[in-house]
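Residue numbers (this note's numbering): 173 to 401.
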């Protein structure tokens, strides 16, 4: 979890120079947020994105990857996750939607398939179906919301199941001058749930208070135990 929130290198798989693509906004968020590590855009159809050399795949780059932000279509995620596992990626933010939240049963099958890949490789994943996450104390805006780079650092961490609520509170915080340490959109909670986030944040030196926005939870006992700790 430390490498997920404090990466020295970030790969954007599905990076783009096209403003109509989510991969464009993720790149803009990282650049505007002042990420100080190595930025690796991955797009086999581009030579350069946002002034950075683009790579055909993470395997083509010799740089070890701490965090991969994935914005490719759902049917390509399994292959991307396998490549992440093979290349020892330490954490993933999966912005892509199209898994168990959709009506098609194939979405749930795909959800289970990608969960198996990352669980076997022990890779924590934020998402799927998330706007992303931020560590304001590390200049990391790993989201598709470049405007969040205007937020100021503070010591409140927000963990939300709803991207809409994350954005509402984020923009209210900008208006009122409230600072955050982390903002995390859990999305459909592939293998990082509220309990895992509370366990991580209670040891985070930048966080003094944890705010949770919960719409539903599958394992309330785990969260109650974490809250007790």
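Ideal Cβ placement from N, Cα and C applies to all residues, glycine included. Small disclaimer: the values here were computed from a predicted structure and weren't measured.
Please state if the CB of residue j and the CB of residue i are separated by a distance shorter than 7 Å.
i: residue 201; j: residue 313; result: yes
i: residue 183; j: residue 240; result: yes
i: residue 242; j: residue 252; result: yes
i: residue 325; j: residue 204; result: no
i: residue 227; j: residue 214; result: yes
i: residue 356; j: residue 305; result: yes
i: residue 238; j: residue 262; result: yes
i: residue 230; j: residue 259; result: yes
i: residue 363; j: residue 273; result: no
i: residue 293; j: residue 246; result: no
i: residue 254; j: residue 298; result: no
i: residue 335; j: residue 303; result: yes
Which two residues bound the contiguous alpha helix (DSSP H) that contains residue i?
i: residue 249; result: 249 to 258
i: residue 307; result: Run containing residue 307: none in the alpha helix (DSSP H); it sits in the beta strand (DSSP E), 304 to 307.
i: residue 289; result: 277 to 293
i: residue 367; result: 366 to 373
i: residue 177; result: 174 to 177
Cα-Cα, which of the options is closest to residue i?
i: residue 399; options: 383, 256, 234, 387; result: 383
i: residue 351; options: 366, 332, 380, 370; result: 380
i: residue 393; options: 368, 358, 174; result: 368
i: residue 339; options: 362, 315, 254, 328; result: 315
i: residue 187; options: 180, 216, 173; result: 216
i: residue 221; options: 232, 196, 299, 234; result: 196
i: residue 414; options: 174, 194, 206; result: Residue coverage of the chain in this structure runs from 173 to 401, which leaves residue 414 outside it and unanswerable.
i: residue 374; options: 327, 271, 256; result: 327
i: residue 181; options: 208, 190, 173, 192; result: 208
i: residue 234; options: 247, 211, 388, 250; result: 211
i: residue 179; options: 372, 347, 307, 397; result: 307
By DSSP, does residue i sit in helix, in strand, or in coil?
i: residue 242; result: strand
i: residue 388; result: coil
i: residue 213; result: strand
i: residue 313; result: strand
i: residue 351; result: strand
i: residue 404; result: Given that the chain is displayed from residue 173 to residue 401, the structure contains no residue 404 and the question cannot be resolved.
i: residue 321; result: helix
i: residue 224; result: strand
i: residue 383; result: strand
i: residue 274; result: coil
i: residue 359; result: coil
i: residue 337; result: helix
In the DSSP assignment, find the unbroken beta strand (DSSP E) run with residue i in it and report its ends.
i: residue 200; result: From DSSP, residue 200 is part of no beta strand (DSSP E) but of the alpha helix (DSSP H) over 194 to 204.
i: residue 329; result: 324 to 332
i: residue 181; result: 181 to 185
Cutting at 7 Å between CB atoms, please list the residues of its own chain near residue i, excluding the five before and the five after it.
i: residue 345; result: 323, 352
i: residue 386; result: 333, 366
i: residue 341; result: 330
i: residue 390; result: none
i: residue 372; result: 173
i: residue 321; result: 201, 204, 205, 313
Please return the same chain residues whose Cβ sits closer than 6 Å to the Cβ of residue i, not counting the five positions on each side in sequence.
i: residue 218; result: 226
i: residue 296; result: 173, 176, 263, 364
i: residue 354; result: 307, 329
i: residue 114; result: Examination of residue 114 is not possible in this model, given that the chain is present from 173 through 401 alone.
Which same chain residues end up closer than 8 Å to residue i when comparing Cβ atoms and leaving out the 5 residues on each side of it in sequence?
i: residue 377; result: none
i: residue 193; result: 186, 243
i: residue 280; result: 271, 272
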